[in-house]
Structures are given as C-alpha cells and as structure tokens.
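Below is one structure; the comments refer to it alone.
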Amino acid sequence: MKKYNINLEELKDYLGFGVAGNFANHLGEAGEADEFSVIKTKEKDAPKGLFPFYIPNHQSFLGKFPFSTEKINHNNIEQLQIEAEVALLCDFVFENGKLIDLKPKYFGAFNDCSNRIQNGNKLSTKKNWGDNSKGIAPDFIEIDSFNKEGILNKFHIASFVRRDGVLKHYGTISAVNSYSYFFEQLKKWMIEKFNNQEETGPLEEINPLIKNLNNHKGILIAAGATAYTEFGKKNFLQKGDEIFVYVYNARFHSFEDIMKDMSGADIHLSQCSKLHQIVE
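Okay, here's the thing in structure tokens:
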C-alpha cells in the first residue's frame with residue numbers, strides 16, 4: 000500500500016467540491032434538512048447534489064485557498080462543526096465544456112468544517128471563510144481500484160475532539176461502504192451533476208465553475224460527512240479544541256490502535272490517513 004504526501008502548494012491548482020447528503024441522517028443532524036427539502040432526487044437515498052468550496056482564481060470567496068493539515072481558523076463562528084469525510088484526489092477528462100470522466104487516484108482523511116448558521120444562503124457560503132477553513136490529512140493512500148474489490152472498501156472513518164484534556168467521539172464510526180453512493184455509482188452520479196446540476200435551493204449550477212478545468216491539475220472531492228454522536232450534535236467547536244479524523248483499514252488496525260495513537264503511544268498506523276488539527 001503506497002502513501003502519497005499531500006503538497007499544499009500543488010493543491011492550490013485543484014478544484015474542491017463536496018457531496019451533500021451522502022450519509023443517512025447527516026443533513027437533519029446538521030440542521031439543513033429543511034433547506035434541502037426543495038431538492039428532489041431520482042432515488043430515495045441519493046445525495047442531494049454537489050457544492051463548491053474552492054475554485055482557484057475565482058473572484059468570490061471561493062477563490063480563497065482553505066486547506067490546512069494542522070489547524071482550523073475558528074473565525075468566531077458560533078456554530079462550527081467538524082465534517083469527517085473521505086476525500087478523493089481525482090484526475091479528469093474534460094472535453095467540449097463537459098466532464099467526460101473522473102479518475103480517483105488517492106484517498107484520505109478530510110474535515111469539511113462547516114458553519115451551521117442557517118441564513119438561507121447557498122451551502123457553499125458556509126464552507127470557506129479563508130485560510131485554514133478546511134482540514135486535509137498530510138498523507139493520502141493510493142487507490143488500487145475504485146470499486147468494492149479495492150482496498151478502500153475495507154476502510155472506516157472515525158472522528159474525535161479533545162477538549163480540556165477529555166477525548167470525545169464526534170462522528171459515528173462509519174464504514175466507507177456505508178456511504179449512500181460510492182464507487183462507480185458515485186462516480187457516474189458526480190459526472191452527471193458536474194455537467195447538469197441546476198441552481199436549486201442551497202445548491203448552485205456547477206458546470207460554469209468548471210469551464211476552465213483543463214487549466215488545472217485535478218479535482219478534490221469530499222465524499223460526504225458521517226452522522227454525529229450525541230456529543231457531536233450538541234457541541235460546536237471551540238478555540239483550543241483538538242480535532243482527530245482517521246480513515247483507517249479496519250481489517251488491519253483495531254479501534255484500540257486508534258485510541259492508543261491519540262493517547263500518544265508509539266503506534267505505526269501504516270494503513271491509515273490521519274488528520275490532526277488545533278482550532279485557533
């Protein structure tokens with residue numbers, strides 16, 4: 000299994016998009032179900048749509064580079080939550096103004112940190128407040144094949160907050176294969192949304208945002224946030240909180256390995272992408 004070192008300078012040339020509503024109950028727990036009720040999907044459990052959080056050189060807030068491997072800028076946001084996710088670094092084929100193919104190459108731990116104030120604006124406005132508003136693990140893992148036969152099917156997502164020395168589960172431990180859409184189903188759905196998603200409710204039209212895609216290196220996809228624990232539902236981030244997000248091979252590493260790692264034990268998590276951030 001090969002690790003891939005994340006180069007933040009290189010990431011400045013990737014477009015960043017997230018998948019909304021790809022885990023059961025997440026939108027309701029995030030207080031966003033009402034805003035998304037206007038969006039009808041073809042299948043009951045389908046994600047609601049795509050949203051942008053970083054478009055290089057865009058003239059709006061979307062042009063601000065948000066990624067950090069070490070910290071989150073609290074920005075005095077009253078209702079700030081971790082969104083623990085799997086992120087996919089993708090190559091693409093883009094021809095005649097249309098996305099023809101997406102090719103996920105690497106995956107890793109991601110924090111799609113989000114402002115929960117419901118103000119009727121687009122979802123994207125709650126996702127990027129400038130420097131250090133997103134978390135990305137320093138190491139990703141190479142994807143052997145983006146299907147159920149591949150290594151990614153063995154991975155789980157876990158997230159925690161350490162506050163005043165006390166460690167709390169923040170998101171429910173979730174298997175990657177428990178996403179509503181993943182692998183080929185997610186890939187086909189995303190290609191359709193990149194080309195055809197219209198402005199509806201909290202989501203915007205996507206195709207105009209990728210018109211210059213061939214001038215860029217790739218696309219980073221945040222595949223969707225897990226459901227929250229009771230602590231995660233009721234506790235917004237505070238300055239000084241420590242954030243941990245693990246995307247780990249649950250058939251290779253035990254949950255005890257993860258807990259030992261957070262306690263500072265010398266554990267070699269060889270089949271894991273780990274994000275550790277401080278809220279400032």
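For the sequence shown, numbering that gives the first Met the number 0 gives the first residue as 0, with consecutive numbering after it. Beta carbons are placed, not taken as given, at the ideal position from N, Cα and C, and that holds for glycine. All of these numbers come straight from a predicted model, not from anything done at the bench.
Can you tell which of the options has the C-alpha that lies nearest to the C-alpha of residue i?
{"i": "Gly62", "options": "Thr68, Ser269, Asn213, Trp128", "result": "Trp128"}
{"i": "Glu84", "options": "Val92, Phe16, Phe60, Ser59", "result": "Phe16"}
{"i": "Met189", "options": "Leu10, Gly48, Gly20, Lys43", "result": "Gly48"}
{"i": "Glu191", "options": "Asn110, Val18, Ser272", "result": "Val18"}
{"i": "Glu204", "options": "Tyr105, Tyr3, Ser123, Gly170", "result": "Ser123"}
{"i": "Phe106", "options": "Asp163, Asn146, Ser59, Gln78", "result": "Asn146"}
{"i": "Ala86", "options": "Asn95, Phe154, Asn118, Asn72", "result": "Phe154"}
{"i": "Ser177", "options": "Lys2, Lys1, Met0, Asp44", "result": "Asp44"}
{"i": "Asn4", "options": "Glu148, Ala136, Asn110", "result": "Ala136"}
{"i": "Lys70", "options": "Glu198, Asn110, Glu148", "result": "Asn110"}
{"i": "Leu268", "options": "Gln78, Phe251, Ile99", "result": "Phe251"}
Going straight from the alpha carbon of residue i to that of residue j, what length do you get?
{"i": "Leu236", "j": "Glu183", "result": "34 Å"}
{"i": "Pro103", "j": "Glu229", "result": "33 Å"}
{"i": "Ile220", "j": "Ala108", "result": "12 Å"}
{"i": "Ile150", "j": "Val246", "result": "12 Å"}
{"i": "Tyr227", "j": "Lys167", "result": "11 Å"}
{"i": "Gln270", "j": "Ile156", "result": "13 Å"}
{"i": "Leu274", "j": "Glu42", "result": "33 Å"}
{"i": "Ser179", "j": "Ala222", "result": "10 Å"}
{"i": "Ser173", "j": "Asn152", "result": "12 Å"}
{"i": "Asn74", "j": "Ser272", "result": "26 Å"}
{"i": "Leu7", "j": "Gly134", "result": "11 Å"}
{"i": "Cys89", "j": "Leu10", "result": "11 Å"}
{"i": "Asn118", "j": "Asp143", "result": "42 Å"}
{"i": "Ser163", "j": "Glu241", "result": "Going by the sequence as given, residue 163 is Asp instead of Ser. Looking at the two C-alpha atoms, the distance is approximately 9 Å."}
{"i": "Glu197", "j": "Phe60", "result": "20 Å"}
{"i": "Glu255", "j": "Asp265", "result": "13 Å"}
{"i": "Glu279", "j": "Phe91", "result": "35 Å"}
{"i": "His57", "j": "Met0", "result": "36 Å"}
{"i": "Lys187", "j": "Lys2", "result": "26 Å"}
{"i": "Ile116", "j": "Thr199", "result": "19 Å"}
Please state if the CB of residue j and the CB of residue i are separated by a distance shorter than 9 Å.
{"i": "Ser158", "j": "Phe243", "result": "yes"}
{"i": "Cys280", "j": "Ile81", "result": "Given a span of 0 to 279 for the chain in the structure shown, any question on residue 280 remains unanswerable."}
{"i": "Phe22", "j": "Ala224", "result": "yes"}
{"i": "Lys210", "j": "Asp12", "result": "no"}
{"i": "Asn214", "j": "Asn206", "result": "no"}
{"i": "Ser67", "j": "Asp130", "result": "yes"}
{"i": "Asn114", "j": "Pro201", "result": "no"}
{"i": "Arg161", "j": "Met258", "result": "no"}
{"i": "Leu185", "j": "Pro46", "result": "yes"}
{"i": "Lys97", "j": "Phe50", "result": "no"}
{"i": "Leu212", "j": "Phe93", "result": "yes"}
{"i": "Gly239", "j": "Gly170", "result": "no"}
{"i": "Pro55", "j": "Leu14", "result": "yes"}
Taking all protein chains shown into account, decide if residue i is buried (16 or more other Cβ within 10 angstroms of its Cβ) or exposed.
{"i": "Lys233", "result": "exposed"}
{"i": "Gly263", "result": "exposed"}
{"i": "His25", "result": "Per-residue confidence for His25 stands at a pLDDT of 45, beneath the threshold of 50, marking its modelled position as unreliable; the derived number appears in the next sentence. Its Cβ being crowded by 16 or more others within 10 Å, His25 is buried."}
{"i": "Phe35", "result": "With a pLDDT of only 45 at Phe35, under the threshold of 50, the placement of this residue in the model should not be trusted, and no figure is reported."}
{"i": "Phe181", "result": "buried"}
{"i": "Asn95", "result": "exposed"}
For residue i, write down the residues that DSSP places opposite it in a beta bridge.
{"i": "Pro103", "result": "Cys89"}
{"i": "Glu84", "result": "Phe109"}
{"i": "Ser67", "result": "Gly134"}
{"i": "Thr199", "result": "Leu202"}
{"i": "Gly17", "result": "Phe50, Ala221"}
{"i": "Gly170", "result": "Ser158, Tyr227"}
{"i": "His282", "result": "Limits of the chain in this structure are 0 at one end and 279 at the other, which puts residue 282 out of reach."}
{"i": "Glu286", "result": "Beyond the ends of the chain as shown, which are 0 and 279, falls residue 286; an answer cannot be given."}
Sorry if obvious, but does the Cβ on residue i come closer than 8 Å to a heavy atom of the ligand PLP?
{"i": "Asp100", "result": "Absence of the ligand PLP is noted for the structure shown, with no ligands found whatsoever."}
Using a C-beta cutoff of 9 Å, does residue i count as contacting chain B?
{"i": "Lys102", "result": "Of the chains in the structure shown, none is chain B; there is only one protein chain."}
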